[in-house]
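Reviewing the structure listed below.
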Amino acid sequence: MLIKKPSDIPSSEITSKSTFLSRRQFIAGAAITGAAVASGLYMRRSGWHLEETASAGAKIAGIVKSQYSTTEKPNSFQDITNYNNYYEFSTDKYEPAKLAGNFRMRPWTVSIEGLVQKPKKLDIDTILKLAPQEERIYRHRCVEGWSMVIPWVGFPLSALIKQVEPLGKAKFVAFETVYAPDQMPNQHSSVLPWPYVEGLRMDEAMHPLTILATGLYDEVLPSVDGGPLRLVVPWKYGYKNIKAIVKIKFVESMPPTTWSIQWPQAYPFYSNVSPIEDHALRSQTYERRIGEFQKRPTLLLNGYADQVASLYSGMDLHRNF
Amino acid sequence: MRPPAEKLIRALKAAVFLLCLGPAARLVWKGFHNDLGANPIDVITRATGQWTLIFLLITLGITPLRKILQMPWLIRFRRMVGLFAFTYGSLHLMTWLWLDKFFDPHEMWTDIIKRRFITAGLTAWLLMMPLALTSTKGWIRRMGGKRWQLLHRLIYVSAAAGVFHFMWLVKADLRRPLTYGAILSVLLFFRIINWLAGKMVTKPSARAVGDLS
């Protein structure tokens, strides 16, 4: 397969930190000008306070650069680790940072099973040595309409798949998150069916852009972002990137995925990023990059069309599927 | 029970006014201290929306409260809280018009016709607008108490539309919208019971303005 180098965004389009900070202050104030009278009487649970990141993780040594990285400016470690969806902890995007701190990432075993020659139960530390750890700076697009640029560290999922030698009839890969309600408080709720499950078609799983992430910036992947091991498929909406993986199973038919069980029209199996106007949840034509004020147009396949559009020949990419 | 002195009521009104400004002031303060998190616009949108619903429910709670507690003077706070519901609702609408859609008519229109939570939210605000406009004493006089009452029952529909707006926009976690829905149901149920009870004891024509709500 011929993989083209991703097209880059000119540096002129990247907002400097000082500009976006002042803009943040401006919009936050301007949006509510009419009510600028301060009242000291009012107190409430400080739900929106930023917390320090759970624990400064260990550094990963020997990270190699990758041709698949974008040159766009990554979002800060602070933003990436304090604003995300992780429904096992909370349905609020600021809460997982406060709740995931004590999540135990060792010992950790991943069971690789199903239609394979060599099923394995691999310890996370073995998995970390399967392939060189690469820096993969990817665009990340949430179906809610926000996006980030995230410097993941990880390795191609294909490296793991080759270890277990899938059988010819294995057409899909199913993933499963750990079920640990004692550590993940929201697994006590029935907001979603637990454990979280996701899936990819075999060719999507084997694609060189598809990685298992093990780190963020140069640190071990924090629990809040799905540590110790999560999937990253940059041309799909964020919820496809299943976190805290404990099971990878090779199957013949399309596996169920958590959000498509919840609302199939809004979160179908493929869930490729596409500027679809009549997406069931919200218009996907624009997105707000975290830290920016103006919205930017959403790109077909999140800007990875050159590399992955061929996977979907015959499918209408401007429809939601 | 004797009503509190006029002076005390005025002081209380000032205090409630400041209290109602609290949520907005908090957002402004946090905004200027860069403390609204990674996605400030999202926080502002959610906060203004939540407070619109909360103020609507408080407005609807005043009548049951004054009847249960037999404190008729509580009615004097209703207009103010109602207007705060409209103010927060308008700020909330602005976040959509400006910060989400950047006044792009095509984007707004497709949102309105394609997404029921937007349709419901806009309906809730549109129904509040005539109530805010006719909230003055002058308008009560001009319209006549009965017609004014009738118009202002739109708040029931507006609040219900607001709850549906919230319920339809969440992705999976219905706990909060359902809580608001439950509170609204209780508040509306009180009115039905009260109306039925009133029907049995008094003639409707004998009622004073402000007593029906």
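Respectively, the protein sequence lines represent chains H and A.
Positions in the first sequence are counted from 1; adding 28 to them yields this note's numbering.
Positions in the second sequence are counted from 1; adding 1031 to them yields this note's numbering.
Built from N, CA and C at the ideal position, the CB exists for glycine as well.
Among the candidates the options, whose CA atom is the shortest distance from the CA of residue i?
i: H/I140; options: H/D151, H/M282, H/L309; result: H/D151
i: H/I91; options: H/R229, H/D231, H/Y245, H/K101; result: H/Y245
i: H/K93; options: H/R134, H/E163, H/A125, H/L188; result: H/E163
i: H/G254; options: H/P262, H/L240, H/K264; result: H/L240
i: H/L309; options: A/T1141, A/A1192, A/L1218; result: A/T1141
i: H/W263; options: H/L339, H/V225, H/F278, H/S251; result: H/L339
i: A/G1062; options: A/I1075, A/S1216, A/G1053, A/I1093; result: A/I1075
i: H/S175; options: A/A1069, A/L1122, A/W1156, A/K1230; result: A/A1069
i: H/T389; options: H/K190, H/E204, H/L158, H/P250; result: Examination of residue 389 of chain H is not possible in this model, given that chain H is present from 29 through 349 alone.
i: A/W1104; options: A/M1198, A/S1216, A/K1044; result: A/K1044
i: A/R1206; options: H/Q191, H/A202, H/F200, H/S218; result: H/S218
i: H/Y114; options: H/F131, H/R316, H/K190, H/G182; result: H/F131
i: H/Y267; options: H/T119, H/F105, H/E123, H/K101; result: H/T119
i: H/D306; options: A/M1102, A/T1126, A/A1042, A/K1145; result: A/K1145
i: H/Q211; options: H/P124, H/I304, H/Q106, H/G331; result: H/P124
i: H/R134; options: H/T154, H/A294, H/K197, H/Q95; result: H/T154
i: H/S97; options: H/T137, H/H168, H/A159; result: H/H168
i: A/W1004; options: A/L1088, A/K1098, A/A1213; result: Residue 1004 of chain A falls outside the range modelled here, since chain A spans only 1032 to 1244, and no answer is possible.
i: A/Y1119; options: A/D1135, A/M1160, A/I1224, A/D1131; result: A/M1160
i: H/N269; options: H/Y295, H/W291, H/V248; result: H/Y295
Does residue i have its Cβ less than 8 Å from a Cβ in chain A?
i: H/N110; result: yes
i: H/Q293; result: no
i: H/Q290; result: yes
i: H/Y245; result: no
i: H/E305; result: yes
i: H/K323; result: yes
i: H/T154; result: no
i: H/W174; result: yes
i: H/R169; result: no
i: H/S341; result: no
i: H/R316; result: yes
i: H/A114; result: Reading off the sequence, residue 114 of chain H comes out as Tyr, not Ala. So, not an interface residue.
i: H/D253; result: no
i: H/F349; result: no
i: H/S311; result: yes
i: H/S67; result: Caution applies to H/S67, whose pLDDT of 32 falls short of 50 and renders its modelled position unreliable; the value that the coordinates give is listed next. Output row for H/S67: interface = yes.
i: H/T285; result: no
i: H/T205; result: no
i: H/D107; result: yes
Cα separation between residue i and residue j?
i: H/V177; j: A/H1064; result: 24 Å
i: A/R1057; j: H/Q161; result: 44 Å
i: A/L1219; j: A/A1151; result: 19 Å
i: H/A128; j: H/A272; result: 11 Å
i: H/S186; j: A/A1078; result: 44 Å
i: H/K277; j: H/T99; result: 34 Å
i: A/L1067; j: H/R316; result: 16 Å
i: H/S341; j: H/A333; result: 11 Å
i: H/N330; j: H/E232; result: 15 Å
i: A/S1216; j: A/A1116; result: 18 Å
i: H/E280; j: H/K199; result: 5 Å
i: H/Q312; j: H/N348; result: 10 Å
i: A/G1005; j: A/M1174; result: It is not possible to answer for residue 1005 of chain A, since the shown part of chain A is limited to 1032 through 1244.
i: H/I318; j: A/T1126; result: 16 Å
i: A/F1133; j: H/L228; result: 36 Å
I think residue i touches residue j, with their Cβ atoms under 8 Å apart; what is that distance to the nearest whole Å?
i: H/T238; j: H/L257; result: The Cβ separation is near 14 Å, so there is no contact.
i: H/F117; j: H/P223; result: Actually they do not touch by this definition, with Cβ atoms about 14 Å apart.
i: A/S1121; j: A/L1158; result: Contact doesn't hold; Cβ gap of about 13 Å is too wide.
i: A/G1193; j: A/A1155; result: 4 Å
i: A/I1093; j: A/I1106; result: 7 Å
i: H/S302; j: H/H346; result: 6 Å
i: A/Y1211; j: A/L1084; result: 5 Å
Does the beta carbon of residue i come closer than 8 Å to any beta carbon on chain H?
i: A/G1068; result: yes
i: A/A1213; result: no
i: A/A1042; result: no
i: A/A1045; result: no
i: A/A1116; result: no
i: A/I1171; result: no
i: A/I1072; result: yes
i: A/A1191; result: no
i: A/A1036; result: no
i: A/A1203; result: yes
| request: Output, in sequence order along the chain, the residues in the segment 1134-1168 of chain A whose CB is closer than 7 Å to any CB in chain H. | output: Answer in chain order: E1138, T1141, D1142, K1145, R1146.
| request: Using a Cβ-Cβ cut-off of less than 7 Å, give me the residues of the segment 1078-1094 of chain A that come near chain H, in sequence order. | output: Along the segment 1078-1094 of chain A, there is no position whose C-beta sits under 7 Å from a C-beta of chain H.
| request: Taking only beta carbons into account, state which residues of the segment 211-243 of chain H come closer than 7 Å to chain A, listed in chain order. | output: Taking 7 Å as the Cβ-Cβ cut-off against chain A, the residues of the segment 211-243 of chain H that qualify are V219, L220.
| query | In the segment 116-137 of chain H, which residues sit with their C-beta less than 8 Å from some C-beta in chain A, listed in chain order? | reply | Result list: T119, K121, Y122.
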